[in-house]
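What follows is a set of notes on a single structure, which appears directly below.
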Amino acid sequence: MYSTSQCAVKIGNKRTEFFHQGCGVNVFNIYINQLANSLEHSPTQNLTLHDTEIKCLLYADNLVLLSPTKEGLQDNLNLLESYCQSWALTVNLQKTKVMIFQNRSRPQGQTDTFTLSHRSIETTKTYTYLGLKITSTGNFTVAVKELKEKAQRAFYAIKRSIKIDIPVQIWFKLFKSIIEPIVLYSSEVWGSSIKSDFLNWEKHPTETLHLDFCKRTLKVQRKTPNNGCRAELGQYPLILNIQKRALKFWKHLKTSDPSSYHYKALKHQEQNPTESPLLQLVLRLTEHTPAEISQPQDSHTLTTIRPTQIINTEKDKYWTNTIKIQHKL
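Position one of the sequence shown corresponds to residue 1 (full-length UniProt numbering), numbered consecutively onward.
Shown next as structure tokens:
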């Protein structure tokens, strides 16, 4: 359909030569690349990640400006304004926000003012970035709750669209392919901070959604024992899925390009593994030492860590411990 379609960029009365549709991403990269270079070479104070200085993050058409000081951030905003004027770009101020990260929320009234194109930018405590709602304190409670609500809406939409009785196996294929990807979105990041306590996990928003789905599928009352429903359906707590995803994510980070930001973020965490929920999870599940998991990419330790086998062992432990506690099962 689009094999013969062509595009061009027009600014005022001038127009570029036509090019094939589908090259737009490459054109945009060329268009925006100089901005990243300008920010990286600006004299403003920047953040340091491991051994690398970072002033901005670019993903598609999303731009994040970073600075440890309010003066540095305003300087970066001024540079962005100058660049946009030179290249006839417009910043969507409705989607542009400032977030000040800190351990505790700032008291009301204590806000700094930032401007772009002589207009004030709103300072916010929450912002949805790449589909995940982040907060100024780094807490993911709001994000998890929002993901549950999105997954619930998807589930109810499926229920409304299906007018016939379908087998339980089909329901769980739908859950696995549609609902689970929504509710576990980015769980590689937020899930590793959850304590591996099955009793408390029962009350987690992610698992309450899972249990609600199980009980609706079985058409039983809400007070029906959770583990009884799981046993009937052959299900496990979703925290095990999260842990498997986290292990795979860690292995991906370990084998990434050493010059990438996410690899450097991992190396930074390896300097103090007790402060990293992800590394603490890896240490607990693999029973390795901090020195072993901090070894280079081509180490033997990395090849011996197999997420699927590890989580299968955790599944066996789950039912063994459950039967000990709940004798009726």
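From the three backbone atoms N, C-alpha and C, an ideal C-beta is built for every residue, glycine too.
- Between the alpha carbons of GLY138 and TYR127 lies a gap of roughly 11 Å.
- In this chain, GLU287 is not harboured by any alpha helix (DSSP H), its DSSP state being neither H nor E.
- For ILE100, the secondary structure class from DSSP, reduced to helix, strand or coil, is coil.
- Closest in alpha carbon position to GLN243, among LYS163, GLY234 and LEU279, is LEU279.
- By a beta-carbon distance limit of 8 Å, THR206 contacts LYS148. Their separation comes to about 6 Å.
- In the three-state scheme derived from DSSP, where H, G and I count as helix and E and B as strand, ARG306 is classed as coil.
- Judged by DSSP in its simplified three-state form, ASN241 adopts helix.
- Scanning the stretch 159-195 from its first residue to its last, the whole alpha helix (DSSP H) runs of 4-plus residues come out as 168-174, 180-183 and 187-190.
- Taking C-beta separations shorter than 8 Å and ignoring five residues to either side along the sequence, the partners of GLU17 in its chain run ALA8, following chain order.
- Within the DSSP bridge table, the entry for TYR236 names no partner.
- Here VAL168 is exposed. Its C-beta has fewer than 16 other C-beta atoms within 10 Å.
- Listed in chain order, the non-local C-beta contacts of HIS50 below 7 Å within the same chain comprise LYS264, LYS267 and HIS268, local neighbours out to five positions each way being set aside.
- Per DSSP, the unbroken beta strand (DSSP E) holding SER120 starts and ends at 119-121.
- Unbroken beta strand (DSSP E) runs of no fewer than 3 residues, entirely contained in the stretch 74-98, are not found.
- Where LEU209 is concerned, the enclosing alpha helix (DSSP H) starts and stops at 205-218.
- Note that the C-beta distance between ILE32 and ALA88 is not below 8 Å.
- Boundaries of the alpha helix (DSSP H) harbouring LEU266: 261-270, taken from the DSSP string.
- At the C-beta level, GLU188 and PHE249 come within 8 Å of one another.
- Nearest neighbour of LEU233 by Cα position, chosen from HIS41, PRO277, TYR185 and ILE170, turns out to be ILE170.
- Secondary structure note for PHE114: its beta strand (DSSP E) is the uninterrupted segment 114-116.
- ILE323 and CYS214 have their alpha carbons spaced roughly 20 Å apart.
- Sixteen is the threshold: when 16 or more other Cβ atoms of the shown chains lie within 10 Å of the Cβ of ILE194, as they do, the residue is buried.
- Rounded to the nearest whole angstrom, the C-alpha separation of THR115 and TYR83 is 15 Å.
- Within the same chain, CYS56 and ASN76 come within 6 Å of LEU65 by CB-CB distance, once the 5 residues on both sides are set aside.
- DSSP places ARG230 in the helix class (H, G or I) of the three-state scheme.
- When rounded, the separation of the alpha-carbon atoms in GLU270 and PRO307 is 20 Å.
- Under a 10 Å Cβ-count criterion, LEU184 is classified as buried, with 16 or more other Cβ atoms of the shown protein chains found around its own Cβ.
- For LEU209, the closest C-alpha among the options SER192, ILE239, TRP190 and SER196 is that of ILE239.
- The shortest CA-to-CA distance from GLN85 to any of GLN45, ILE178, ASP298 and HIS118 is the one to HIS118.
- Contact annotation: TRP201 and PRO237 have beta-carbon atoms nearer than 8 Å.
- Across the structure, GLY72 and GLN45 are spaced so that their CA atoms are roughly 6 Å apart.
- In this structure, the alpha-carbon of PRO181 lies about 22 Å from that of LEU218.
- Where LEU130 is concerned, there is no enclosing alpha helix (DSSP H), because DSSP gives it neither an H nor an E.
- Distance from the CA of SER67 to the CA of GLU81, rounded to the nearest whole angstrom, comes to 16 Å.
- Under DSSP, GLN6 takes part in a beta bridge, and its partners are HIS20.
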